[in-house]
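Report on one structure; see the data block that follows.
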């Protein structure tokens, strides 16, 4: 082999070695970069896992707080429900007591009112109850009187705390039922009386139309608002 061929071959081998070294250095650099990336990724993953664990703990604490809050709300609702029930019961008792007090004030005065209107009182009944054929009605006052000509007139009174228009229809039904309990009243003149502490002015015209005597508290105990209907 000639010398120049040997030199050329050595030169070629040297170039191959240089290329190999460069490739190895590149591989080393890539491996180092990959390793750093892996380490960074692991570090990020560990931080993420730690944050996720903290988040789970916070969510667990939040759920526990919500559970306690729900239990407290349930207890509060039960307490409020019981309070409302008790309040309704007391309101019912108060309404009944108020109705009883109103009746106790007005009913005893109805016979005296009838007398003040020029009628002779023959019979007075307070808090009258009737039961017949599964029917029941209660009348606050019934006064059997006679006019100046000696004719019988029956005053039937209903007492309310606050008079409303619908009371007229309810009272009309009770008056119709009275004839079932007391047939002898059928041929007698019936004077319906609605008495109340508070009577709106617009109900006076309705009372005149229905032939109902309205009575309220006045300067002399009971005061008729439309006495002309019994004249």
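Residue numbers (this note's numbering): 160 to 390.
Where a beta carbon is used, it is the ideal one built from N, C-alpha and C, also for glycine.
Cβ-based neighbour list, residue i, same chain, cut-off 7 Å, excluding 5 preceding and 5 following
i, result
"residue 306", "278, 312"
Environment of residue i [buried if 16+ CB atoms lie within 10 Å]
i, result
"residue 351", "buried"
"residue 359", "exposed"
"residue 345", "exposed"
"residue 231", "exposed"
"residue 316", "buried"
"residue 303", "buried"
"residue 234", "exposed"
"residue 227", "exposed"
"residue 330", "buried"
Reference residue i; option with closest CA among the options
i, options, result
"residue 334", "303, 377, 298, 216", "298"
"residue 320", "207, 178, 376, 240", "376"
"residue 310", "386, 323, 348", "348"
"residue 324", "296, 353, 340", "353"
"residue 388", "314, 337, 243", "314"
"residue 326", "355, 340, 245", "355"
"residue 339", "362, 364, 296", "296"
Cut-off 6 Å between Cβ atoms - residues of its own chain near residue i, not counting five sequence neighbours on either side
i, result
"residue 381", "268, 272, 374"
"residue 300", "266, 269, 285, 316"
"residue 357", "321"
Cβ-heavy atom distance, residue i to the ligand ADP, below 7 Å
i, result
"residue 376", "Absence of the ligand ADP is noted for the structure shown, with no ligands found whatsoever."
Completely contained alpha helix (DSSP H) runs for the segment 266–335, where each covers 4 or more residues: 269–275
Quick test of the definition: if touching needs 3 or more C-beta pairs under 8 Å, does the segment 265–279 touch the segment 368–388? yes
Going residue by residue through the segment 340–382, where are the continuous beta strand (DSSP E) segments of at least 3 residues, counting only ones entirely within it? 348–357, 372–377
Any chance the segment 361–369 sits against the segment 280–294, with 3 or more Cβ pairs inside 8 Å? no
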